[in-house]
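**Q** Residue numbers (our numbering), protein chains in the order written: chain D, 1 to 530; chain F, 531 to 875; chain G, 876 to 1420; chain V, 1421 to 1752. Please see the structure below; I have some questions.
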Ligand SMILES: Nc1ncnc2c1ncn2[C@@H]1O[C@H](COP(=O)(O)OP(=O)(O)OP(=O)(O)O)[C@@H](O)[C@H]1O
Ligand SMILES: Nc1ncnc2c1ncn2[C@@H]1O[C@H](COP(=O)(O)OP(=O)(O)OP(=O)(O)O)[C@@H](O)[C@H]1O
Ligand SMILES: [Mg+2]
Ligand SMILES: [Mg+2]
């Protein structure tokens, strides 16, 4: 009997059918990736496996069997015994998936005790053990930390450790690396790989990143609009795709080696930062997030900013658009020092959840800059908003929908549309495509390029995906610890990295070729050992 | 192609295009308890407004004494069972005076609901304005307003109300004055709630995005912050109505509230207190009316809260005109797929 | 008229015995416990257990209790023939709680203290009557002392008055006449532990009189005190209680509450409704009458009340039964048609000059209004007190308002806060035309009832003025002087009654009602004595065994 | 620890400013309040000269700022006063003497404070238990009988004035059922058991009046935390609802409750006044209302300041608690 057996699964949210007649199975010890564009229903399937839709008002049809439990018919108690013990889930967002009030070790111990009924001591010991297992250094001490004292990567590891606590037969990982930068992403994927090798558990990986899938699984299931497009061994599906959609998907994946068509960069400097510094907190708690950063952005050019999580990219971006006062240094727009915000310099925010007001329809949000500019004609506003939504690949008829009715990627597109609505000259894009599936990502990247050429837009493109950054950027700035460690034309930085840190970053980029991926995994291990 | 799409959608738009207010109503209507509560509140307000009509219907007024209907030798307890209920006096009469209880109850609703709602409005407006301004203002503004809030919170309300009411000349319309004073001395907690909520909201990216749109601070506060503040503020405000009624009662009790012979529920409760054994109705009527009001307001506030949250739509199983939208989707999808395939080939 | 009280304690052996603890449950704390600052005649109940005075009230039921009798003195005072010099002799063997003897100089000192501004609060009579007392500042500032009081020896004390005052023996019942040993005087702090001359001494005084415990004063001798019975060994006075709680506790009579009484809390109308239906409870209710009149006052200096016809019309229109109901019903209030209380000692004559019947005579009132030039009625403002005192409070005002409506008089109400009310109403400059007022007896006689209200020479221009009608009629003033000369108090009473009727004809006030006091006592209480002087049970007579 | 010292210093300075501002406001408001203080103090039948003497004695003729200065002087250096026979001293911090009773306000407060604190703190424990319990139940077990009953109870509590609840409770519990004694304050130091027994009813009455706020607030913030991601995590790991609600959701939901509680201490004084009056507990509230009606300014100012002090203290304590509960919070 297979580990997971899903037959004719449908999930409906009100009128919306998010998953439609999906059938698949997963053998013990095997690894399956659910890939597909944003909003295709991947997370919905993952949740359905653990019966998490119960009591939320969603309608679930078909049959689901996980590790011998009939999820659809199981009693609450049986479901409870399934969750965490036989099948464990690692959630997309490590920031908010841990309870901020309790020590991480205690949270893991709690899960352990719930299922084993063991003593508090034993559970704590187990927590330290799994934390150690996922590579948290000095696990015994760190287990007493609270989540906010962990870095993003450590938190993701902690979540994986929690999943491992009861030695489940199935690990469901819903976008386990989306929020992480490439180096950490590579570490996490490597960790998942090793764990699978060692414990023999099954893995269901949910991701929109085909590269991530290529690195970690044996089989791939491609989804679209809640339906299956194609399923098969990873080498087959990625190597010789049968369906046009899969082909489209693959062709859209940015490749690190790809060479960018030069943009219409001019010499006219629109935005300039000189000696920017930003510190948070005072006294002993003072922390400098950005330190002495100087850069220039020219009309029509794209400046890529890469760097690991916490290196100060967002902080820099916020200072560039004027949302944050620099502690020292200044930002000049068209040669004039500038204080405060200016609609001509826009930003696409990193977090698609909090960047949209949950109580306003997305159309209204996009219309904001238009109205702020004094546009009163409702028809014109509607027309323009619909047009903008179309351009970023959204359905113009969704004007009155609320953010929660969109998937993560769709929300990000709303953010871009809103930035465009202001007719800006500069857009600071803070990870604008990291939540997008590759097709949309390609579209958005193309769109940004198109807009750039058309309007002479200057872009600051912040991202952790080096491939994407290379695709769009004329010049690259590499950040680490609040400073720019390397800057230069894109080709130069990628082909002849000067800084060792840049080299490390490049080595972490996932590739589409599973065999190459295995090779690079070993390389990385060596790199880490030296 | 894209032009054609825009055109189809523009024609579809009205079908799926439910505006924010309409959706709010739809979500509110989906909650039965909230609708019952809203009906009750509306009824209470109606009764209050129509008090003179209702009492005319009964043929009584709230101030006329009926000495003959009370037993003078027994402290003025109403003669007859159930506080002297009769076809003339639908709910019986008041002990000692023999005034008509029904008339006093419905007229009392005017004062009590009027004062409480007006005072709550003042409190909410003041509290939210001060709280939001403090949270959005610079350090000095924040310091100043927060201190003012501290002072208001730290001062015993009844004492200040007593003192202030004594200062204002007695010519000033009393119910207005009472509402204003209760409003002005008791907005502290709302102020604090509003400030805290604004502080946490203002760091969200959607507020930053609104700033980048070029909106003024005022407009941002109104569009981005106020809706987020609504939930905590409405919850608390629903509880402030009964507490304002109680404050009005205490002030009446201390002799500075609404003037007799104008009835109010608070006054009725105050004087009915000791009568609960000899004439239970006298106490139970205003107490019951108040309880119903509070219950209705609480349930309604819950409903409004839920309805304010677009995320509640799916839980409430309220459609947002999705079927039409889904059809439009399907059209667009085929168009898109075709386009992609064309591009691929 | 007043009836005798009907509470007789519980059945069985009702003879009182010594011993036990009497609990007193009160609402107001004894925050004034300095004999200089107490106003009420005899300082009320509790102080009279600690302070003996030259004379005191006769501790007997009903009308007999309105007599004044000797206390520290051997008699009620010996006047000279003009009644301007009064001489008293102290009994022998009188001692304070510490065993030191009580002298006439201590009484003089006690009176002198009451003139100190630090110890204000007493009645105005000493200042008004004693020779050269008007500017006296008390012994702290003015070491010379009051020359109007002489103490030729330790047992004799002589008072010199400005004018004849036949009622001086009544005044001598006030606590200002209690002895205070000069070397024990601690000024404003004296009230924390006043030195006892009576049967009990203060052993505990918490929170400024909130909780008092009195125990036997072993140096007091029953042989020198014919009035105070002092049965219980201990008296425990707890105050600050809500009136409904007090009545509830007395009616439940659990534990120590069985031996409890209250000296300041009446049964309210709601409680009365309950008590009248319960035989056992009803047997524990004591009824008393205190000389008190609640009335509507006119200020004839204000239009339209300058017109006697208007005042008469209102007198006719008043519905006393609804007013009485508002005050608590016929058991708690008796209709008043005279200004003087309905007691013989005041000289009550029982006239009714503007008969309004029980529910008012609206027809007669309308007729008078027409004559007065208001055929279509008129609108007036009635000023009242906001305090819930059932005397000048909103309930009474609205009852008057409702009654006058029938006579075509629209009454607007103006309620003032307690202290603002007295400031406004009892002040010549701010006095309104039409307001609620009340007056109580300082002692059971017409003198302190009529003189402050109607004596033209008592109009105070820049202070508290109680002659609210601002009546200054020579005939009235002269008659007051003439009656004050009488030392035969019965004869005086008759003339006070006649004067009352004469003034009543001017319709300067509309008497509304005289209150009746109904009070519960605990199950185990014996020997309940209620005099018409105070109207409440006398705790010096109560026994718990 | 230096962070905490800084916090304490800032809060102390803030508190002093707040309290001074409060005293100024009270002084001004009561200065313009009608009512002749000297006359009230002197007695109803005082002559104009006597009233005048009393006014001089109480320094009522001084201009407002002089009186206020004198008040500040008393607080910082103390004050001498005459008892007639001797000179008394009221040492700093002296809040002056009562106009009415000549007692030192500080002593009045010290005598009455234990009563009010006993009442409010005990009631607070109860209303937190009742309110938070009801709130948790109503967020978790929506629509069940216990939830409905408790919610109804708290709403009835808020919609019925305390004097009604208190009296009815007292008559039924003490008078008819004889389960408890009629409340009478017994100091804790005399007899802790009697202290508690006597206070049960006052506690319950005050708690009923306040519990609804906490029930509603707890419910709202519970619903919010229950929707948070970390709660979803524990659900997905098979942790029982009881533990999710009790450990994970409640803890996050408590912060606003703590804050409200601190604010509410001030307004619960209103309820405490009525309860003290009804149950005859000789506390601050009862005294304060009396002082207001007789315009006894020193007592009013003193007591308002004491109440304000506790509210400020409670607010600071709430912040500390909040920071202890949620380590991410920095005390400012
Ligand atoms: N609670 C919900 N109520 C209504 N619609 C929902 C809800 N959750 C998801 N959806 C809708 O269901 C569809 C599938 O959502 P899901 O989150 O499974 O997508 P996904 O494939 O995980 O996308 P992403 O890669 O962006 O996370 C989307 O169209 C989304 O709008
Ligand atoms: N408001 C703030 N207060 C205190 N510290 C802050 C604040 N904002 C950012 N920081 C800190 O500054 C550092 C840089 O943060 P920033 O968000 O700019 O990083 P980033 O490069 O965008 O990371 P990521 O890729 O995870 O988004 C981090 O260590 C962060 O904790
Ligand atoms: Mg997803
Ligand atoms: Mg960032």
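We treat Cβ as the ideally placed atom computed from N, Cα and C, and that holds for glycine.
Please state whether DSSP places residue 1650 of chain V in a helix, a strand or coil.
**A** Here residue 1650 of chain V refers to the residue found at position 230 of the fourth chain. Helix.
**Q** Given this structure, state the Cα-to-Cα distance separating residue 168 of chain D from residue 125 of chain D, to the nearest angstrom.
**A** Position 168 of the first chain, counting from 1, holds the residue named residue 168 of chain D. Position 125 of the first chain, counting from 1, holds the residue named residue 125 of chain D. If I take the Cα positions, the gap works out to 18 Å.
**Q** So is residue 1115 of chain G in contact with chain V if we call contact Cβ pairs under 7 Å?
**A** Within the third chain, numbered from 1, the residue matching residue 1115 of chain G stands at position 240. Yes, residue 1115 of chain G lies at the interface with chain V (some Cβ there is under 7 Å from its Cβ).
**Q** What does a CB cutoff of less than 7 Å around residue 1428 of chain V pick up in its chain, not counting 5 residues either side in sequence?
**A** As a first step, residue 1428 of chain V must be located in the fourth chain, where it is residue number 8. There are no such residues.
**Q** Nearest-angstrom Cα distance between residue 941 of chain G and residue 645 of chain F?
**A** Your numbering for residue 941 of chain G matches position 66 in the third chain. Your numbering for residue 645 of chain F matches position 115 in the second chain. Computed Cα separation, rounded: 52 Å.
**Q** DSSP has residue 1081 of chain G in a bridge; who is on the other side?
**A** As a working mapping, residue 1081 of chain G is identified with position 206 in the third chain. Looking at the DSSP assignment, residue 1081 of chain G forms a beta bridge with G:1086.
**Q** Check the Cβ of residue 805 of chain F against every Cβ in chain G and list those closer than 7 Å, keeping chain order.
**A** By one-based count along the second chain, residue 805 of chain F stands at place 275. The contacting residues are 1145.
**Q** Kindly give me the distance between the Cβ atoms of residue 479 of chain D and residue 311 of chain D, rounded to whole angstroms, as I take these residues to be in contact under 8 Å.
**A** Looking up residue 479 of chain D in the first chain gives position 479. Looking up residue 311 of chain D in the first chain gives position 311. Yes, they are in contact, since the Cβ atoms of residue 479 of chain D and residue 311 of chain D sit about 4 Å apart, within 8 Å.
**Q** What residues of chain D sit near residue 1649 of chain V, judged by a beta carbon separation below 8 Å?
**A** Translated into positions along the fourth chain, residue 1649 of chain V becomes position 229. Ordered by position in chain D, the residues that pass the 8 Å Cβ test against residue 1649 of chain V are 91, 93, 96, 97.
**Q** Just how far apart, CA to CA, sit residue 852 of chain F and residue 578 of chain F?
**A** Here residue 852 of chain F corresponds to residue number 322 of the second chain, with the count starting at 1. Here residue 578 of chain F corresponds to residue number 48 of the second chain, with the count starting at 1. A caution first: residue 852 of chain F carries a pLDDT of 38, below 50, which makes its placement in the model unreliable, though a value can still be read off. Roughly 42 Å separates the two Cα atoms.
**Q** Take residue 27 of chain D as the anchor and find which of D:21, D:66, D:59 has the nearest alpha-carbon.
**A** The residue labelled residue 27 of chain D in the question sits at position 27 within the first chain. Ranking D:21, D:66, D:59 by Cα distance to residue 27 of chain D puts D:66 first.
**Q** So if DSSP puts residue 1169 of chain G in a beta bridge, which residue, or which two residues, is it bridged to?
**A** Within the third chain, the letter at position 294 stands for residue 1169 of chain G. Answer is G:1313, G:1388, bridged to residue 1169 of chain G.
**Q** For residue 788 of chain F, which of F:685, F:566, F:696 has the nearest alpha-carbon?
**A** Locating residue 788 of chain F in the second chain gives position 258, counting from the first residue. Comparing Cα-Cα distances from residue 788 of chain F to each of F:685, F:566, F:696, the minimum goes to F:696.
**Q** Would you list the residues sitting across from residue 59 of chain D in a DSSP beta bridge?
**A** Start at 1 with the first residue of the first chain, and residue 59 of chain D comes out as number 59. DSSP lists D:12 as partners of residue 59 of chain D.
**Q** Is it buried or exposed for residue 1080 of chain G, if we count other Cβ within 10 angstroms and need 16 for buried?
**A** Within the third chain, residue 1080 of chain G is the residue found at index 205, counting from 1. By the 10 Å Cβ count, residue 1080 of chain G comes out buried.
**Q** Tell me whether residue 957 of chain G is buried or exposed, calling it buried when 16 or more other Cβ atoms sit within 10 Å of its Cβ.
**A** The count along the third chain starts at 1 and reaches residue 957 of chain G at position 82. It counts as exposed.
**Q** Opposite residue 970 of chain G in the DSSP bridges: which residues?
**A** By one-based count along the third chain, residue 970 of chain G stands at place 95. Per DSSP, G:976.
**Q** At least one CB of chain G closer than 7 Å to the CB of residue 768 of chain F: is that the case?
**A** By 1-based counting over the second chain, the position of residue 768 of chain F is 238. Judged by the 7 Å Cβ criterion, residue 768 of chain F is not in contact with chain G.
**Q** What residues match up with residue 1113 of chain G in a beta bridge as DSSP calls it?
**A** By one-based count along the third chain, residue 1113 of chain G stands at place 238. Per DSSP, G:900, G:1086.
**Q** Over the uninterrupted alpha helix (DSSP H) stretch that includes residue 1579 of chain V, give me the two end residues.
**A** Sequence index remark: in the fourth chain, residue 1579 of chain V carries index 159 (1-based). 1565 to 1579 is the span of the alpha helix (DSSP H), which, as asked, contains residue 1579 of chain V.
**Q** Any heavy atom of ligand 1 closer than 6 Å to the Cβ of residue 42 of chain D?
**A** Reading the first chain from its first residue, position 42 is the one you call residue 42 of chain D. Checking every heavy atom of ligand 1 against the Cβ of residue 42 of chain D, one is found closer than 6 Å.
**Q** I'd like to know if the segment 95 to 108 of chain D and the segment 9 to 16 of chain D are in contact, where contact means that at least 3 CB-CB pairs between them fall below 8 Å.
**A** Taking 8 Å as the limit for Cβ pairs, the verdict is that the segment 9 to 16 of chain D does not touch the segment 95 to 108 of chain D.
**Q** Identify every run of the alpha helix (DSSP H) within the segment 655 to 710 of chain F, keeping only runs that are complete inside it and at least 4 residues long; order them along the chain.
**A** Runs found: 669 to 684, 687 to 697.
**Q** Is there a Cβ of chain F sitting closer than 7 Å to that of residue 1447 of chain V, yes or no?
**A** The sequence position of residue 1447 of chain V within the fourth chain is 27, counting from 1. No, no contact with chain F.
**Q** Can you tell me the Cα-Cα spacing of residue 1244 of chain G and residue 1203 of chain G, whole angstroms?
**A** Counting from 1 along the third chain, the entry for residue 1244 of chain G is found at position 369. Counting from 1 along the third chain, the entry for residue 1203 of chain G is found at position 328. Their Cα atoms are separated by approximately 31 Å.
**Q** DSSP three-state label for residue 730 of chain F, please.
**A** Looking up residue 730 of chain F in the second chain gives position 200. It is helical.
**Q** Is residue 193 of chain D close to chain F? Criterion is C-beta to C-beta, closer than 7 Å.
**A** The count along the first chain starts at 1 and reaches residue 193 of chain D at position 193. Judged by the 7 Å Cβ criterion, residue 193 of chain D is not in contact with chain F.
**Q** Could you give the C-beta distance for residue 1230 of chain G and residue 1167 of chain G, rounded to a whole number, given that I count them as a contact under 8 Å?
**A** For the purposes of this step, residue 1230 of chain G is taken as residue 355 along the third chain, with counting starting at 1. For the purposes of this step, residue 1167 of chain G is taken as residue 292 along the third chain, with counting starting at 1. The pair is not a contact, with the Cβ atoms about 23 Å apart (cut-off 8 Å).
**Q** Does any CB atom of chain F fall closer than 7 Å to the CB of residue 359 of chain D?
**A** Position 359 of the first chain, counted from the first residue, corresponds to residue 359 of chain D. At least one chain F Cβ lies under 7 Å of residue 359 of chain D.
**Q** Considering Cα atoms alone, identify which of D:306, D:517, D:276, D:366 is closest to residue 180 of chain D.
**A** Counting from 1 along the first chain, the entry for residue 180 of chain D is found at position 180. Measuring from the Cα of residue 180 of chain D, the nearest candidate turns out to be D:306.
**Q** Whose Cβ in chain G lies nearer than 8 Å to the Cβ of residue 625 of chain F?
**A** What you label residue 625 of chain F is simply residue 95 of the second chain in a count that begins at 1. Simply 1144, 1145, 1148.
**Q** So, residue 531 of chain D versus residue 482 of chain D, is the Cβ gap smaller than 7 Å?
**A** Since the displayed chain D opens at 1 and closes at 530, residue 531 of chain D lies outside it and no answer follows.
**Q** Shorter than 7 Å from the beta carbon of residue 402 of chain D to some beta carbon of chain V?
**A** As a first step, residue 402 of chain D is located in the first chain; it is residue number 402 there, counting from the start. Judged by the 7 Å Cβ criterion, residue 402 of chain D is not in contact with chain V.
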